[in-house]
Amino acid sequence: MNQLRLGYLYGVGAYLLWGFFPIYLKLLRPAGPVEILAHRIVWSVAFVALLLAAMRHVGFLRTLARRPRALAGIALAAALIAVNWGTYIYGVNSDRVVETALGYFINPLVSVLFGVVALRERLRPGQWAALGVGALAVAVLTVDYGRLPWLALTLAFSFAGYGLVKKRLGLPAVEGLFVESAVLALPALAYLAWLSGRGDSTFGHVSAGHTALLVLAGAATAIPLLLFAGAANRLPLSTVGMLQYLAPILQLGCGVLIFHEPMPPARLAGFALVWLALLLFTADALRNTRRTRPTPQPTPAPTPLR
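Numbering-wise (UniProt numbering), the sequence shown opens with residue 1 and increments by one.
Structural data, given as structure tokens:
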């Protein structure tokens, strides 16, 4: 199998796992959102530590310890991903899967906005149009919900902020996930110990299957990220950008078709505006990619062996 096909396989695999993740989280009830988050952090550290030991990639920790600014950036990234994970778990287990899907539909638009604010990037007219339609969509959904879709906005802004910090840090996927999870591991362990001391922990008290699912939350976190890293290394950025819409589409399908969450006409209109904004955004990105693609140079003839 060539590298391009392997990249597509990795990318589709990552987004399929992320798309159906709400089903997995529902199986973790009656554990509460904070307990699930704590287990996800702790078992992620354990899983990735075993992976790094098998790959013999532990030497990077010594190098990282000599970079205090990088460590501060990692702490910020850890805080942002904790907010993102916690909000997502809360949304799924409070029967708001549709709103969580909205957050990941909005996320690319928020990333563009962060590029303007933080990186001083200049937007093209198509990108401004996409942001305008996206803002209109949020206004329509605010009217429909009777409030700001704060859960979706928290997911979009926290993940876009996480992506911005990660872009500046430039850490590889596995090493980055390990250090971020390790930063959060002590508070997570302290919370689990406190919960157990109160007798409110579900770990080991519901069923063997439930306990196993909590332990496997670490692998369920790390595996899609590793698949995504494999795809990003083999596919053009525009292709990865197109594939990213697969996850929220599947999450939306889970919310409406499997969990039977309501989708009134006004909410559907708001989602339609979000999709229009993403269509404008994607079309602009593809058009710009074609314009800036370098002209391929002819390959010189091989020198004959002498």
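Ideal placement from N, C-alpha and C gives every residue a C-beta, glycine not left out.
7 Å Cβ shell around residue i - same chain, five flanking residues per side excluded
i: F159; result: N84 and N107
i: Y24; result: A220
i: S44; result: L177, S181, G218, T221 and A222
i: V240; result: G11, A231 and A232
i: R96; result: L151
i: I81; result: Y162 and E180
i: G204; result: T211
i: K166; result: A77 and G176
i: A14; result: P224, L227, F228 and A231
i: A49; result: F178
Alpha helix (DSSP H) segment containing residue i, residue limits
i: A139; result: P125 to Y145
i: T202; result: Careful: T202 lies outside any alpha helix (DSSP H) and carries neither H nor E.
i: V34; result: P33 to M55
i: S158; result: W150 to L169
i: H260; result: Looking at the DSSP string, H260 is not in any alpha helix (DSSP H), and its letter there is neither H nor E.
i: Y245; result: Note, Y245: premise wrong, no alpha helix (DSSP H); not H, not E.
i: E121; result: Where E121 is concerned, there is no enclosing alpha helix (DSSP H), given that its DSSP letter is neither H nor E.
i: P224; result: A217 to A232
i: F21; result: F21 to L27
i: P68; result: P68 to N93
Residue burial classification, residue i (beta-carbon count within 10 angstroms, cutoff 16)
i: E180; result: buried
i: P33; result: buried
i: H39; result: buried
i: W18; result: buried
i: A198; result: For the sequence presented, residue 198 should be read as Arg rather than Ala. By the 10 Å Cβ count, R198 comes out exposed.
i: S207; result: exposed
i: N2; result: exposed
i: G146; result: exposed
i: P248; result: buried
i: R149; result: A small correction: the amino acid at residue 149 is Pro; Arg does not occupy that position in the sequence shown. When all chains shown are included, P149 counts as buried.
i: A101; result: buried
i: L257; result: exposed
i: T299; result: Because the pLDDT of T299 is 40, which lies under 50, any placement of that residue in the model is unreliable, and the number read from its coordinates should be weighed accordingly. By the neighbour-count rule (16 or more Cβ atoms within 10 Å), T299 is not buried but exposed.
Nearest residue (CA-CA) to residue i, options the options
i: A190; options: V97, A130, E35 and V112; result: E35
i: E121; options: L164, D144 and L151; result: L164
i: A70; options: M242, L225, R168 and I81; result: R168
i: Y90; options: L155, G73 and V174; result: L155
i: G170; options: G73, N288 and F281; result: G73
i: E99; options: Q244, V183 and E261; result: E261
i: P236; options: L252, L286, G270 and L250; result: L286
i: L9; options: T142, A79, G253 and A229; result: A229
i: V215; options: G86, L28 and P22; result: L28
Close beta carbons around residue i, own chain, < 8 Å, minus the five adjacent residues each side
i: A185; result: I41, V42 and V45
i: A283; result: G126
i: L131; result: L109, V112, L113, L123 and A277
i: P30; result: T202 and V206
i: L273; result: V133, G134, L136, A137 and V140
i: M55; result: V174
Residues of its chain near residue i, where Cβ-Cβ distance is below 6 Å and the 5 sequence neighbours each way are ignored
i: K26; result: none
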